[in-house]
Structure formats: C-alpha cells, structure tokens
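Asks: In my numbering, the protein residues as written are 552 to 848. We treat Cβ as the ideally placed atom computed from N, Cα and C, and that holds for glycine.
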Amino acid sequence: MSGHYATLLRGTVEAMLPYHDVYITDWVDARTVSLSKGSFDLDDYIDYVTEMLHTLGPGTFVMAVCQPSVPVMAAVSIMNAKNDPCAPPAMVLMGGPIDTRRNPTAVNKLAEERGVAWFRKNSTMTVPPPHAGMLRQVYPGFLQLSGFMTMNLDKHVDAHRELFWHMVEGDGDSADKHIAFYDEYMSVMDLTAEFYLQTVERVFVNHDLPKGTFKHRGIAVDPSKITRTALMTVEGERDDISGVGQTEAAHDLCSSLAPEKKLHHLQKGVGHYGVFNGNKFRKEVVPRIVSFLNAQG
552 MSGHYATLLR GTVEAMLPYH DVYITDWVDA RTVSLSKGSF DLDDYIDYVT EMLHTLGPGT
612 FVMAVCQPSV PVMAAVSIMN AKNDPCAPPA MVLMGGPIDT RRNPTAVNKL AEERGVAWFR
672 KNSTMTVPPP HAGMLRQVYP GFLQLSGFMT MNLDKHVDAH RELFWHMVEG DGDSADKHIA
732 FYDEYMSVMD LTAEFYLQTV ERVFVNHDLP KGTFKHRGIA VDPSKITRTA LMTVEGERDD
792 ISGVGQTEAA HDLCSSLAPE KKLHHLQKGV GHYGVFNGNK FRKEVVPRIV SFLNAQG
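1) For residue 784 versus residue 798, is the C-beta distance shorter than 7 Å?
2) Anyone know if the C-beta pair for residue 557 and residue 689 falls short of 7 Å?
3) Would you give the residue range spanned by the beta strand (DSSP E) that residue 796 belongs to?
4) Report the residue from 592, 679, 658 whose alpha carbon sits nearest the alpha carbon of residue 792.
5) Quick check on residue 653: buried or exposed, where buried means 16 or more other Cβ atoms within 10 Å of its Cβ?
6) Specify the secondary structure class of residue 840 as computed by DSSP and reduced to three states.
7) Could I get the ranges of all uninterrupted alpha helix (DSSP H) runs contained in the region 757 to 784, with 4 residues as the minimum, in chain order?
8) Could you have a look at residue 787 and say whether DSSP puts it in helix, strand or coil?
9) Using beta-carbon positions only, say whether residue 804 and residue 774 come within less than 7 Å of one another.
10) Would residue 625 and residue 767 be called neighbours here (beta carbons separated by less than 7 Å)?
11) Does the separation of the CB atoms of residue 622 and residue 649 fall below 7 Å?
12) So who's on the other strand from residue 615, going by DSSP bridges?
13) What is the DSSP secondary structure of residue 504, counted as helix, strand or coil?
14) How would you call residue 677, buried or exposed, if buried means at least 16 neighbouring beta carbons within 10 angstroms?
15) Compute the beta-carbon to beta-carbon distance between residue 778 and residue 590, rounded to the nearest angstrom, for a pair I have assumed lies under 8 Å.
16) Can you tell me where the beta strand (DSSP E) with residue 689 in it begins and where it stops?
17) To the nearest angstrom, report how far apart residue 628 and residue 776 are at their CA atoms.
18) Could you tell me whether any non-hydrogen atom of the ligand HEM is closer than 6 Å to the CB of residue 678?
19) Mind checking residue 720: buried by the 16 CB within 10 Å criterion, or exposed?
20) For the region 630 to 644 and the region 594 to 614, state whether three or more C-beta atom pairs, one from each stretch, are separated by less than 8 Å.
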C-alpha cells in the first residue's frame, strides 16, 4: 500500500501460483471511501493483516513487498507474543524499510530532513467533489508517482527511448512488456493522510521498530518475541528505494529465532522493482523463496 494498486504485483502472484495458493491484499482508493466510513491508519493496517491471517487460518505464509514489511512484522510479532495459532510458519520481507538508517536512500534522507510537519503541509490534500471520499484528507497517488519518476528521470527517459526502438525494430514482446509495466506503474491511488503521515513518522523519521519504540494501540511491539515464524528477507543490489541492508535488519530484530529459521538473499543486478518482478525474480528469487517455505512446512 504505497500508492499503487495490487495489480502492480501481477508478476509476483503469477510466479508464485505454480507452488502455492495465493491471496493478495487489495486496498481501496481512499478518494472513493466516504468520510462516514471512518479513518484508516497504521494500527488499522496491522489489525487487517492479523484478521486476514485469521481468516485464512493456521499454516498460512505471509509475504510483504516493500512498504508493508513494517506492519507485517509488527503483526507477526504480536501474534507470536500471544501464541496465536494463526501466526504464520514463515514470513518473507522483500525490499522493505525495516531500518532506514542503514544505507539510506534519497527517499529516506528527504523524510529525515523535512520531518512530518513538512509532509503534512506539502503532501496531503483534501479530496474534492464529486468523489465519494470528498473532504477526506489524503496523500494523492500522483504525488507519489511524480516523486518516483523525477528521482529516476534518466532511467525513465532511457526506457521510453528503448520502447521507441523496439517498436521501430518490430520487437513486439519487449514493447508489450514495457507498455504493460508503465500501465501498472502509472496507475496510482490515494492513501489516507493519517496512514501516510504515521508511516513517515514512525518508519522513516523516528525508526520506531529498530529502536524498540514501536507500539500498536499503545502496546509495545517486540520482534524478539518471534520464535515460531521463520524469516526470509530479499533485497536488490541496485535498490534505490529501500537500500541494501534495510530489510536484512529484520534478522537482528528477530533475535530469538533459530539460525535455521533465517535466510537472507541479495539479488544481484536488480533495482527495487526487480526484487519482486521480472526475469531474475522468476528464475533466481522465486526458487529460493519456494525452497525456504517448503522447509518450514
């Protein structure tokens, strides 16, 4: 839930389907939700993850791609602390901001430099009529997209230049894949302002989870309580959204987990998107994930 729809994970789901029954979170665009439905914040997100694991039942693995790594780890920590029978046998965290103090990227540095007040003033807006969610405070998806695009402008210009040459040369497959990616990448949704600002403050500014100060509805979240849920982390060598080491930090926090229940994989030659999609993901990352999950039963 970082401004894109669940369809951005189409390739992730497709790659895992031969091995598992796959369920995916499909969050609703905040601008389509009436104010009468109430708010949605980081605590609500953690509650939903827990509820989903209860609905699917014991033996369900959980995979978090990017942003949800923190709330998923929080939910799993709470479930382990309570000896919840629906605590997953394993969780896979991929390109997530567990500890953004490690190898900070431009995104991480901006959050620390500006602070939450700046983001509240410059990044949140009121949904206008005639949207169903009118008057709701949101972080608009177009701001997220424009930020990512300008941060990697050279790459996107080169990608569109390559698309032109693929079309000129008649390379239909490459052109189709390029168009499909950008159709998904440029399809964005609004997030509730309270969820966005809490994420900025607690994950990127205060670093609550790695510092041991993360709380869920006033109760401390302690990843050292995780003893039943195995942990696999995946990072991309060229990731400029979640720097190398930020996701791997989860292993230090899960200090009570046995070594055989931990695995880290650094995928060479891929950026953020390649951590969960693309040819190298299918050929090199997926087999490792499947092998790890199978080993956990």
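Replies: So, to answer that:
1) As a position in the sequence shown, residue 784 is number 233, starting the count at 1. As a position in the sequence shown, residue 798 is number 247, starting the count at 1. The answer is yes: Cβ separation under 7 Å.
2) Taking the first residue of the sequence shown as 1, we reach residue 557 at position 6. Taking the first residue of the sequence shown as 1, we reach residue 689 at position 138. No.
3) Position 245 of the sequence shown, counted from the first residue, corresponds to residue 796. Segment: none, residue 796 is in no beta strand (DSSP E) and carries neither H nor E.
4) The count along the sequence shown starts at 1 and reaches residue 792 at position 241. When only C-alpha atoms are compared, the closest one is 658.
5) One-based indexing of the sequence shown puts residue 653 at position 102. Result: buried.
6) If you number the sequence shown from 1, residue 840 lands on position 289. Residue 840 sits in a helix when the DSSP states are folded into three classes.
7) 759 to 762
8) As a working mapping, residue 787 is identified with position 236 in the sequence shown. It is a strand residue.
9) Mapped onto the sequence shown, residue 804 falls at position 253. Mapped onto the sequence shown, residue 774 falls at position 223. Yes, Cβ-Cβ distance for residue 804 and residue 774 is below 7 Å.
10) One-based indexing of the sequence shown puts residue 625 at position 74. One-based indexing of the sequence shown puts residue 767 at position 216. Yes, these two residues count as a Cβ contact at 7 Å.
11) Within the sequence shown, residue 622 is the residue found at index 71, counting from 1. Within the sequence shown, residue 649 is the residue found at index 98, counting from 1. No; because the gap between Cβ atoms is not below 7 Å, this pair is not in contact.
12) In the sequence shown, the residue the question calls residue 615 occupies position 64. BP columns for residue 615 point to 644.
13) Outside the shown range of the chain (552 to 848) lies residue 504, about which nothing can therefore be said.
14) In the sequence shown, residue 677 corresponds to position 126, counting from 1. Counting Cβ neighbours within 10 Å, residue 677 comes out exposed, since fewer than 16 surround it.
15) Residue mapping note: residue 778 aligns to position 227 of the sequence shown, counting from 1. Residue mapping note: residue 590 aligns to position 39 of the sequence shown, counting from 1. Wrong, their Cβ atoms sit about 33 Å apart, outside the cutoff.
16) Here the question's residue 689 lines up with position 138 in the sequence shown. Note, residue 689: beta strand (DSSP E), 688 to 690.
17) Here residue 628 corresponds to residue number 77 of the sequence shown, with the count starting at 1. Here residue 776 corresponds to residue number 225 of the sequence shown, with the count starting at 1. So the two alpha carbons sit approximately 6 Å from each other.
18) Among the components modelled here there is no ligand, and therefore nothing to report on the ligand HEM.
19) The residue given as residue 720 occupies position 169 in the sequence shown. Below a pLDDT of 50, predicted positions are generally treated as unreliable, and residue 720, at 42, falls in that range; the measurement from the model is reported next regardless. Exposed, by the Cβ-count rule.
20) yes
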